[in-house]
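**Student:** Using full-length UniProt numbering, the final residue of the sequence shown is 260, and nothing's skipped along the way.
We treat Cβ as the ideally placed atom computed from N, Cα and C, and that holds for glycine.
Please read through the structure below; I'll follow up with questions.
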Amino acid sequence: MSDESGAADSAPGVAAATLILFSERPGVPARHLMIQRSATMRFAPNALVFPGGQVDADDHLIAADPGLVDAGAGDPIERAHRVAAIRETLEETCVAIAFRTVIDAGAMQSALKAATPFSRLLRDAKARLNMEALLLWAKWHPRLSHRRFDTQFYIARYDGDHAVCTDVDEVGAARWLSATEALGDAEAERAKVIFPTLCNLERLAAYPRFDAAAAHLATIPCRPISPRVHHDADGEPWVSIPDHCGYPVTSHLQSTLQAP
């Protein structure tokens, strides 16, 4: 294949974080919490994605405060991404993950939707976040779209119930799905799945339990992933990611992919 895209560059995108939860029962693949983005969203409307969103200034303040987070996991910027993944998951779905203390998730979700700073909510609840509950899964830096998000994906074990209360402004619906189920919905066109989500579902399907996924991470360096467009000998465009980043499928024919 020849690379004719010329799309990759070093300009930073919007910092964002995404959280992939593993809810497990014996003998079956883990289920992951996925949300359908609202039809009114500017980026990827109606798409089936994992919870997440932009890293904001308050996330950085929290990440630098040892009274609010454990300081062991990564540098302050890395911790800010983890904070964002936790906060966005709570705000979008009312699912609380990595809290050292019991919180009122519903009340905190409502306060976040009312624009109360997460740092204030943590202090008021005397809550701390366990940064080591999240493992870095991947760094995606797409350069093929006019609206760029430099997104860090995390995985975490989840032992709570499956009750979900979505943010109706941003989330149309929420579902717990195995990676194989989500891929089946995408193939049957029952769900809109954009390229980064598709690749991560294919990777999750290869490691359907949290311990297997965590062990896999220990063998793969976490390099930034920037998809590129290549053309084969027949002139057909393919979207590809680098090899050796832990993904079992690294190229998809562009005509088979769903647009953001």
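1) Classify A7 as helix, strand or coil using the three-state DSSP reduction.
2) Let me check understanding here. Comparing Cα to Cα, which of C165, L21, R209 lies closest to F153?
3) Using only the alpha-carbon positions, how far apart do R203 and S178 sit?
4) Have a look at the DSSP bridge pairing and note the partners of H252.
5) With a Cβ-Cβ cutoff of 8 Å, do M108 and L129 count as a contact?
6) Between which residues of its own chain and V28 is the CB-CB distance below 8 Å, once the five residues before and five after are set aside?
7) First and last residue of the beta strand (DSSP E) that includes F149?
8) Buried or exposed: R25, going by 16 or more other Cβ atoms within 10 Å of its Cβ?
9) Please classify R223 as buried or exposed, where buried requires at least 16 neighbouring CB atoms within 10 angstroms.
10) Return the first residue and the last residue of the beta strand (DSSP E) that T18 is part of.
11) Just list the residues that DSSP pairs G53 with in beta bridges.
12) Applying the criterion that 16 or more other CB atoms from any shown protein chain within 10 Å of the CB defines a buried residue, is L134 buried or exposed?
13) Please determine, among H32, A16, V95, A115, the residue with the shortest C-alpha to C-alpha distance to H81.
14) Decide yes or no for the touch test of the stretch 46-56 against the stretch 228-236: beta carbon pairs closer than 8 Å, at least 3 of them.
15) Would you mind reading off the limits of the beta strand (DSSP E) that contains G74?
**Tutor:** Taking the structure as given:
1) For A7, the pLDDT reaches just 41, beneath the cut-off of 50, and the residue's location in the model is therefore unreliable, although a value from the coordinates is still provided. The three-state secondary structure of A7, taken from DSSP, is coil.
2) Closest by alpha carbon: L21.
3) Each residue's alpha carbon lies about 12 Å from the other.
4) In the DSSP output, where bridge partners are listed per residue, H252 has V239.
5) Going by beta carbons, M108 and L129 fall outside the 8 Å limit.
6) Here the set comprises S178.
7) Here the beta strand (DSSP E) through F149 covers 149-157.
8) Using a 10 angstroms sphere on the CB of R25, the tally of other CB atoms stays under 16, which defines it as exposed.
9) Exposed, because fewer than 16 other Cβ atoms sit within 10 Å of the Cβ of R223.
10) Taken as a continuous stretch (DSSP letters only), the beta strand (DSSP E) holding T18 covers 14-22.
11) DSSP lists A17 as partners of G53.
12) In the assembly as shown, L134 is a buried residue. Its beta-carbon has 16 or more other beta-carbons within 10 Å.
13) The shortest C-alpha separation from H81 is found at A16.
14) For the pair of segments examined, the stretch 46-56 was found not to touch the stretch 228-236: the number of CB pairs separated by less than 8 Å stays below three.
15) Premise fails: G74 is in no beta strand (DSSP E) and is neither H nor E.
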